[in-house]
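A.B. asks:
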Amino acid sequence: MSITTKIRRQGGAAIVTLPPAVLKMMQVEVGDQLSLDVANGELIGRATRPAKKRYSLSELLEGADEIRALNAEVADAQDGDPVGREI
Numbered sequence: 030m031s032i033t034t035k036i037r038r039q040g041g042a043a044i045v046t047l048p049p050a051v052l053k054m055m056q057v058e059v060g061d062q063l064s065l066d067v068a069n070g071e072l073i074g075r076a077t078r079p080a081k082k083r084y085s086l087s088e089l090l091e092g093a094d095e096i097r098a099l100n101a102e103v104a105d106a107q108d109g110d111p112v113g114r115e116i
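Quick note on this note's numbering: the sequence shown kicks off at 30 and runs consecutively.
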């Protein structure tokens with residue numbers, strides 16, 4: 030994908046605007062840091078931290094059945110009357 034953008038001046042800095050499509054392709058957001066390199070006259074930008082992991086619903090629910098079973102095993106201890114010298 031090739032996108033053309035213009036270099037503009039803001040204060041004493043030269044600014045290049047990155048379109049939302051480029052940010053999405055790079056998996057970066059506004060405020061993230063980029064490492065910039067110049068190789069053979071080309072500007073190369075890389076995210077300086079790994080992209081945020083996006084979990085699917087099935088990944089988030091992995092292990093939920095085991096937790097439900099463990100909670101069922103200790104339900105009497107959680108809801109029952111004191112047996113010994115509990116406070």
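For glycine and all other residues, C-beta sits at the position ideal for the given N, C-alpha and C.
Excluding the 5 residues preceding and the 5 following Leu52 in the sequence, name in chain order all residues of the same chain whose CB lies nearer than 7 Å to its CB.
C.D. replies: For the purposes of this step, residue 52 is taken as the residue at position 23 of the sequence shown. Excluding residues within five positions, the ones whose Cβ falls inside 7 Å are Glu58.
A.B. asks: Please report how far the alpha carbon of Asp108 lies from the alpha carbon of Leu86, in whole angstroms.
C.D. replies: Residue 108 sits at position 79 when you count from the first residue of the sequence shown. Residue 86 sits at position 57 when you count from the first residue of the sequence shown. For Asp108 and Leu86, the distance between alpha carbons rounds to 31 Å.
A.B. asks: With DSSP as the reference, label Ser87 as helix, strand or coil.
C.D. replies: Translated into the one-based positions of the sequence shown, residue 87 becomes position 58. If DSSP states are grouped into helix, strand and coil, Ser87 belongs with the helices.
A.B. asks: Which residues does DSSP list as the beta-bridge partners of Ala43?
C.D. replies: Position 14 of the sequence shown, counted from the start, is the residue given in the question as residue 43. Beta-bridge pairing links Ala43 to Arg38.
A.B. asks: Over what stretch of residues does the beta strand (DSSP E) that includes Arg75 continue unbroken?
C.D. replies: Here residue 75 is taken as the residue at index 46 of the sequence shown, counted from 1. Segment Glu71 to Ala76, the beta strand (DSSP E) holding Arg75.
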